[in-house]
Structures are given as C-alpha cells and as structure tokens.
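Taking my numbering, I'd label the letters of the sequence shown as residues 56 to 190. For every residue, glycine included, the Cβ atom is placed at its ideal position computed from N, Cα and C. Below is one structure, written out as structure tokens; the observations come after it.
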Amino acid sequence: MADVLTSEQRHRCMSHIRNKNTSPELKVRKMVHSMGFRYRLHVDTLPGKPDLVFPRMKKVIFVHGCFWHLHSCKYGSVKPTTNADFWKAKREDNKERDSRNREKLFQKGWQVLCIWECETKNESELKSRLIEYLE
Ligand SMILES: [Zn+2]
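The following block contains the structure:
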C-alpha cells in the first residue's frame, strides 16, 4: 500500500497520539484505577469540575498542566514571547480560579489533592502520593 503521509505529517500525527496517551491526567487515572479505586470523571456539579472524584470518600483530584496553571516549576515559569500579556492574563486567571475552587470545595467538606504535570513524571513518587491521599 502506498504511503500517503509525508514523513513530516506522520511525525506530527504520531506525536499527537503519544501526547494524548501519556497526558498527565490519563497517567493519574490509570494509576488510580490500577490501585483498585473507582472514581467519576469531570463532575460538573462540583466547583472547578474536578478531574477525578471519589464521592464516598469526599475526595477529589485535580491534575494541572504546569504552563496553564502557573506552577512554580521550570515549566510553569515559561514566558511566551508573543502575545505575552494575553497569556499572562489567561494563566493568572486560571491560577486564581483554581484557588477559588479549592476554597469552595473545602467549605463543602471535600478534600482536594492537586497534582502538577511535572509531578507525574516520576511514577513511584506519584504512586506513593496517591496511596497516601486515598488510603
Ligand atoms: Zn510543574
């Protein structure tokens, strides 16, 4: 069969797939699932629509991208050179919204764990944090 994609197209296509499969949220979901916990996803009746929700334990987990949510790590400190003001405002909005949502959840009696994208890179550390939080 003829190869219809140029190598550049194929590269782009594959890196898209790879990113999707190893997205930080998916990584956390798979790990939590393999530990035997069951959860609901993106519950939109809760503040901030938490990524993972454990209704009986009243616990939620947010998985935050370092860039988008302005983490204090090297990924979160990246400053785009074009449209700098636009990105700055957008990311600061996200950060403020995050802390407002955390506060609302606390007030409703929920426990909240935020996992940053950079913290999903070390799987054994991630796993022990999840165990500590959920057990
Ligand atoms: Zn980070």
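Annotation for V87: the continuous alpha helix (DSSP H) segment containing it runs 79–89.
Shown in chain order are the residues whose CB sits closer than 7 angstroms to a heavy atom of ligand 1: C121, H126, C128, Y130, G131, W171, E172, C173, E174.
Counting along the chain, no beta strand (DSSP E) covers F141; the unbroken alpha helix (DSSP H) around it starts and ends at 139–162. Membership of L107 in the beta strand (DSSP E) is indicated by the continuous run 107–109.
Here the alpha carbons of Q162 and R95 stand approximately 21 angstroms from one another.
Bridge pairing for F117: C169 [DSSP].
7 angstroms or more divides the Cβ of V118 from the Cβ of V167.
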